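Residue numbers (the working numbering), protein chains in the order written: chain A, 1 to 131; chain B, 132 to 480; chain C, 481 to 866. Just below is one structure, and these are the notes that go with it.
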């Protein structure tokens, strides 16, 4: 993967930077130029909360090549405490233990690896909130 | 007063038992367990590396540092022998992940297992000199031992992060001392995957000479004997070496054990004595003193004496305790999974 | 707006067609449609294709296909809306005629998916999802539909057996389709013991990787009448989009773009779902057919699975779905699928469906639903016997 593509998203993926519409309060992740709810065009920077609940999940067994090292792995959509929804892998979880409604926390992980020589892609994953 | 204003650790949840490794190579597991006092070690899954461990340890350190603004952190130093890139800094990722960019100095350190304490030493110095308000020092590794080598039973993964500063100090740095010689007991050449070592040469002339030298040096400067120090934590390549070093210096088992994690964690290299220190801070009381002595092959030791302040009681439980990460929520893997996780299997790429 | 009719259809056999290239597949289907219509020329052509660039490295398809069709200077365009590219090609042709811009238009779709490894195909198809916020994290297409399946199961109690029933039904229908990639029946047991792809979806819940082309000829109803052949009217066309990232949608168990596209098409046709006799819908995965048929308003939310189990959507059911075998059995050359759905409607409405899968109810109105990605785009078309 070309490095600029990863670099451009890093504020979202590394530290969960999101935009909050200064008019209606809608939080968009990642940033947008126009609010999908009210059409306003100004946002303030907010950081997403790190905990939420899992809404749905799947265990991926047939994986794209950059993910074969990690397969089988779970992906899921979680709703964070402020209502924002994200899709990410659910790591650190036995695939039989994962459940809808499970409390999850966001951790910083290596998300994908572009061969032995490519740039490394870091970002967020969900993990079960065990403490 | 200059010292630690926030501390935190992070460990992967995966473990492999000494028996599982020994079974694969037809080795004698009981002799490793008894001789080296190792039961199991942590293993990083494929999505975990020195950078990710560093970020999570740092987040825990920030939780204990109260309302500290990451933008006030003036330096981030990661000590590791397993930086994911040969060329490209690890520290910039951590700085970016906590929002400490761009007004920050950043460097990756390497000195075998001593790189983490180097980072701590330099951060303390920069804070003390007034160059920076806060400094972030990390010791982290996802170390590799060659298959069937004695090191394979211990090479483990983990990280500890310390924020050094002059306000709201949790543990004041009373003394520092370092002890170095050129001693080639362990090394890894460029482009090599696994390290090499000098076998028993890594013991007396290497680990013990430098660890004891640094400990004696700092104790002499402090005018302290083992009885004057509450806890001691040494670099812990296995369970046996730090206990022996402590005993030689006159420390009791009770003074060593809170920071002795290697029997069930393995050797986290640059993370080893720093993670041990986090574990001691988790249980220390105000007024306690802690001696930390690292060891890095090549070879040298950095020593610190810390004095715990009242603030420890306020911040201790703002983040997860290290023993909890060591003892709970574990998952045990077999050698095949371990070999896959650690990229020991040749595949079509 | 001028009234539009379909006067000719043609498609290749779907499958792993090793000996035929992207252009071979398109031209073979296009020539068959031209011959079927009995027209001596076309004025314009639309080519639906999702990602020939990733599959075979070829873009600029409209000109390439026009040249190989022997129509070098023909006006033509390629349209793309992921797996709904074929449906969008049909809609683009429809508006070209309805607007008066052209009189006879060829709407074609094609995909050549087997000149690449399985990993490569997974990667190419994933381009229809949000690269930075879905694919980046390891989401695959089966994975995204699996997320819908789990959410649907959780909310409505939809069962494994219901998913299997979709596959069994569609393979039964497809077993009678000579153009189908997998024209054989499967049992529930076979579905439920097939290889897991993305839990709970198994390989027999998934549409296959397919090579294929499909084409239809559209013209005005007036010209269709002069051609003196049976023609099928296009009475409704609706298109709608949605967030392509599944997590950006409010409801994981409804396909809003499908609902809106259907409302638009029904409004244009002046009909409701009750007026429709049968449908071809986008069963890229078994769960998709269930969610789509609910989003179209055929069944109450959460009731489609049970309806499939009861046979209501079978060939002899009250509302047959995917008489062609659907994407599941017929195959899913992504860019061709939307056009191939129209072809099945035309065959059924002409009474020409092969091998005993012709509906015995003398159907008058049928509809197609063709969607891109995990539902980020949808085309709905309603066709009526002329």
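Ideal Cβ placement from N, Cα and C applies to all residues, glycine included. Here the structure is a predicted model, which is why all the values come from computation and not from measurement.
State the Cα-Cα distance for the pair residue 850(C) and residue 39(A), rounded to the nearest angstrom.
As a first step, residue 850(C) must be located in the third chain, where it is residue number 370. As a first step, residue 39(A) must be located in the first chain, where it is residue number 39. Using only the alpha carbons, I get a separation of about 30 Å.
Going by C-alpha to C-alpha distance, which of 707(C), 497(C), 655(C), 674(C) sits closest to residue 584(C)?
Translated into the one-based positions of the third chain, residue 584(C) becomes position 104. Out of 707(C), 497(C), 655(C), 674(C), 707(C) has the C-alpha closest to the C-alpha of residue 584(C).
Quick one, which residues of the segment 604-628 of chain C are near chain D if we go by CB-CB under 9 Å, in chain order?
Looking for chain D here will not work: the only protein chains present are A, B and C.
Any beta carbon of chain B sitting closer than 8 Å to that of residue 66(A)?
Along the first chain, read from residue 1 onward, the residue named residue 66(A) stands at position 66. No, its Cβ sits nowhere closer than 8 Å to a Cβ of chain B.
Kindly confirm or deny that the segment 429-448 of chain B and the segment 243-256 of chain B touch, where touching means at least three C-beta pairs closer than 8 Å.
Yes: at least three Cβ pairs fall under 8 Å.
Taking the continuous alpha helix (DSSP H) assigned at residue 156(B), which residues delimit it?
Within the second chain, numbered from 1, the residue matching residue 156(B) stands at position 25. That run of the alpha helix (DSSP H) goes 149-156.
Under 7 Å, CB to CB, which of the residues in the segment 797-809 of chain C have a partner in chain A?
So the list is empty, because no residue satisfies the distance condition.
Determine, for residue 88(A), whether the minimum Cβ-Cβ distance to residues of chain C falls below 8 Å.
Taking the first residue of the first chain as position 1, residue 88(A) is located at position 88. Yes, because at least one Cβ of chain C sits closer than 8 Å to the Cβ of residue 88(A).
Give the interface partners of residue 530(C) over in chain A, defined as CB-CB distance under 9 Å, in chain order.
The count along the third chain starts at 1 and reaches residue 530(C) at position 50. Near residue 530(C) there are no residues of chain A at all, since even the closest Cβ is about 17 Å away, more than 9 Å.
Determine the DSSP secondary structure at residue 504(C), reduced to helix, strand or coil.
The residue you call residue 504(C) lines up with position 24 of the third chain. The answer is helix: DSSP assigns residue 504(C) an H, G or I state.
Less than 8 Å between the CB atoms is what I'm expecting for residue 106(A) and residue 124(A), so what's the real figure, rounded?
Counted from its first residue, the first chain places residue 106(A) at position 106. Counted from its first residue, the first chain places residue 124(A) at position 124. Their Cβ separation, rounded to whole angstroms, is 5 Å, which keeps residue 106(A) and residue 124(A) in contact under 8 Å.
Starting from residue 104(A) and walking both ways along the beta strand (DSSP E), at which residues does that stretch end?
Working through the first chain from its first residue, we reach residue 104(A) at position 104. Looking at the DSSP string, the run of the beta strand (DSSP E) that includes residue 104(A) is 103-113.
Give the DSSP-derived three-state secondary structure of residue 451(B) in the structure shown.
One-based indexing of the second chain puts residue 451(B) at position 320. Of the three classes helix, strand and coil, the one that applies to residue 451(B) here is coil, per DSSP.
In chain A, which residues lie less than 7 Å from residue 599(C) when you measure between Cβ atoms?
Start at 1 with the first residue of the third chain, and residue 599(C) comes out as number 119. By Cβ distance, chain A contributes 64, 65.
On a CA-only basis, which of 547(C), 619(C), 703(C) is nearest residue 73(A)? Give me that one, please.
Looking up residue 73(A) in the first chain gives position 73. Nearest of 547(C), 619(C), 703(C) to residue 73(A), Cα basis: 619(C).
Considering just the uninterrupted stretch of the alpha helix (DSSP H) at residue 791(C), what are its terminal residues?
Position 311 of the third chain, counted from the start, is the residue given in the question as residue 791(C). Note, residue 791(C): premise wrong, no alpha helix (DSSP H); not H, not E.
Given this structure, state the Cα-to-Cα distance separating residue 136(B) from residue 254(B), to the nearest angstrom.
Within the second chain, the letter at position 5 stands for residue 136(B). Within the second chain, the letter at position 123 stands for residue 254(B). Their backbone Cα atoms lie some 12 Å apart in a straight line.
Please confirm whether residue 857(C) and residue 737(C) have their CB atoms less than 8 Å apart.
Along the third chain, one-based indexing puts residue 857(C) at 377. Along the third chain, one-based indexing puts residue 737(C) at 257. The answer is yes: Cβ separation under 8 Å.
Tell me which same chain residues have a C-beta within less than 7 Å of the C-beta of residue 382(B), skipping the five on either side of it?
Position 251 of the second chain, counted from the start, is the residue given in the question as residue 382(B). Correct list, in chain order: 357, 363.
What's the gap between the Cα of residue 594(C) and the Cα of residue 76(A)?
Within the third chain, residue 594(C) is the residue found at index 114, counting from 1. Within the first chain, residue 76(A) is the residue found at index 76, counting from 1. Distance between the alpha carbons of residue 594(C) and residue 76(A) is about 30 Å.
For the candidate residues 840(C), 498(C), 561(C), 491(C), whose alpha-carbon lies nearest to that of residue 506(C)?
Here residue 506(C) is taken as the residue at index 26 of the third chain, counted from 1. Minimum Cα distance to residue 506(C) is reached at 491(C).
Mind the definition here: the segment 828-843 of chain C touches the segment 683-691 of chain C only if three or more C-beta pairs lie below 8 Å; say whether that holds.
No, because fewer than three Cβ pairs between the segment 828-843 of chain C and the segment 683-691 of chain C fall closer than 8 Å, the two stretches do not touch.
I need the straight-line Cα distance from residue 334(B) to residue 535(C), nearest angstrom please.
Sequence index remark: in the second chain, residue 334(B) carries index 203 (1-based). Sequence index remark: in the third chain, residue 535(C) carries index 55 (1-based). Distance between the alpha carbons of residue 334(B) and residue 535(C): 59 Å.
Which chain A residues are close to residue 228(B), counting only those with a beta carbon under 7 Å from its beta carbon?
For this step, residue 228(B) is matched to residue 97 along the second chain. Under the 7 Å cutoff, chain A gives 14, 15, 108.
Would you check if the distance between the CB atom of residue 569(C) and the CB atom of residue 819(C) is smaller than 8 Å?
Residue mapping note: residue 569(C) aligns to position 89 of the third chain, counting from 1. Residue mapping note: residue 819(C) aligns to position 339 of the third chain, counting from 1. In this structure, residue 819(C) lies closer than 8 Å to residue 569(C) by Cβ.
Just mark residue 422(B) as buried or exposed, buried being the case when its beta carbon has 16 or more other beta carbons within 10 Å.
Taking the first residue of the second chain as 1, we reach residue 422(B) at position 291. Label assigned to residue 422(B): buried.
Counting only C-beta atoms, is residue 100(A) closer than 8 Å to chain C at any point?
Position 100 of the first chain holds residue 100(A). It does; some Cβ of chain C falls within 8 Å.
The segment 725-736 of chain C: which residues have C-beta closer than 8 Å to a C-beta of chain A, in chain order?
Going along the segment 725-736 of chain C in chain order, one finds 725, 726, 727, 728, 732 with a Cβ nearer than 8 Å to chain A.
Give me, in chain order, the residues of the same chain whose beta-carbon lies closer than 6 Å to that of residue 148(B); leave out the 5 immediate sequence neighbours on both sides.
Taking the first residue of the second chain as position 1, residue 148(B) is located at position 17. Cβ neighbours of residue 148(B) beyond the five flanking positions: 171.
Applying a beta-carbon distance threshold of less than 7 Å, which residues of chain A neighbour residue 187(B)?
Reading the second chain from its first residue, position 56 is the one you call residue 187(B). Within chain A, the residues near residue 187(B) are 107, 108.
Quick one: is residue 477(B) near chain A, going by C-beta distance under 8 Å?
If you number the second chain from 1, residue 477(B) lands on position 346. Taking Cβ atoms only, chain A never reaches closer than 8 Å to residue 477(B), which makes this a no.
Bridge partners of residue 311(B), per DSSP?
The residue you call residue 311(B) lines up with position 180 of the second chain. Looking at the DSSP assignment, residue 311(B) forms a beta bridge with 431(B).
For residue 455(B), return the contacting residues in chain A, with the cut-off set at a CB-CB distance below 9 Å.
Here residue 455(B) refers to the residue found at position 324 when the second chain is read from its first residue. Those are 131, listed as they occur along chain A.
Taking Cβ to Cβ, would you say residue 376(B) is nearer than 8 Å to residue 412(B)?
Translated into the one-based positions of the second chain, residue 376(B) becomes position 245. Translated into the one-based positions of the second chain, residue 412(B) becomes position 281. No, they are not a contact pair.
Could you compute how far the alpha carbon of residue 142(B) sits from the alpha carbon of residue 456(B)?
Counting from one through the second chain, the residue named residue 142(B) turns up at place 11. Counting from one through the second chain, the residue named residue 456(B) turns up at place 325. Going from the Cα of residue 142(B) to the Cα of residue 456(B) covers about 6 Å.
State yes or no: is the C-beta of residue 307(B) within less than 8 Å of the C-beta of residue 192(B)?
Locating residue 307(B) in the second chain gives position 176, where the first residue counts as 1. Locating residue 192(B) in the second chain gives position 61, where the first residue counts as 1. Contact flag unset, no.
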